[in-house]
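Numbering (this note's numbering), first residue to last: 562 to 739.
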């Protein structure tokens, strides 16, 4: 009666299947929905991103902070950007879009470009490519804000904090709703 797909990649499959299975409810964690028997749950990372910007503001010595997005951001101003403007008003935010959640080669290439511009703290929002990003941060002696889980174990000196999702709570909410 209930099928949960964890990730945007399930949205199209669920949309293609939903009409032929009206007795099943399809839930996507993130993503999109089109039919009444589809629902999307999305994590609101705004507040924690706002406070993650505090760690960037405290550690940057160049006042140049970067963000590595997996794809182009959906909104023009993120809570991370708002937080950085509040905590370090003289700072400048740089960003690059990798075009993938797991392309470590492209992520590190873009990271090198950010570092060449003087960026010394990078919020890396691509959980699959973050290992490569953190490995490069250790070599280049820059700081990283991790994503989705506590990534400090990959670089205790480089990872300032991590923006984390409480995935288990999302599943509890889905099950309580259905």
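Heads up, the beta-carbon is just placed ideally off N, CA and C, and yes, glycines get one too.
As the structure is a prediction and not an experimental result, all values here were calculated from the model.
Approximately 24 Å separates the beta-carbon atoms of residue 640 and residue 674; this is outside 8 Å, ruling out the contact. Every beta strand (DSSP E) of 3 residues or more that sits fully in the stretch 637 to 721 is shown, in chain order, as 653 to 658, 682 to 685 and 704 to 709.
Sequence-distant Cβ neighbours of residue 650 in its own chain, meaning closer than 8 Å and more than five residues away, do not exist here. With contacts defined as CB atoms closer than 8 Å, residue 625 and residue 653 qualify as a contacting pair.
Between residue 588 and residue 735, the CB-CB gap stays under 8 Å. In the displayed model, residue 601 falls within a strand according to three-state DSSP. The residues 575, 585, 586, 587 and 588, in chain order, have a CB closer than 8 Å to that of residue 564 in the same chain once the five nearest residues on each side in sequence are set aside. A Cβ-Cβ contact shorter than 8 Å links residue 648 with residue 618. DSSP, reduced to helix, strand and coil, places residue 728 within a helical segment of the structure shown.
Residue 686 counts as buried, since no fewer than 16 other beta carbons sit within 10 angstroms of its beta carbon. Collapsing the DSSP output to three states places residue 595 in coil. The beta carbon of residue 644 is closer than 6 Å to those of 611 and 614 in its chain, skipping five residues each way along the sequence. An exposed status is given to residue 702, since fewer than 16 other beta-carbon atoms sit within 10 Å of its beta-carbon.
In the DSSP assignment, residue 625 falls within the beta strand (DSSP E) that extends over 625 to 630.
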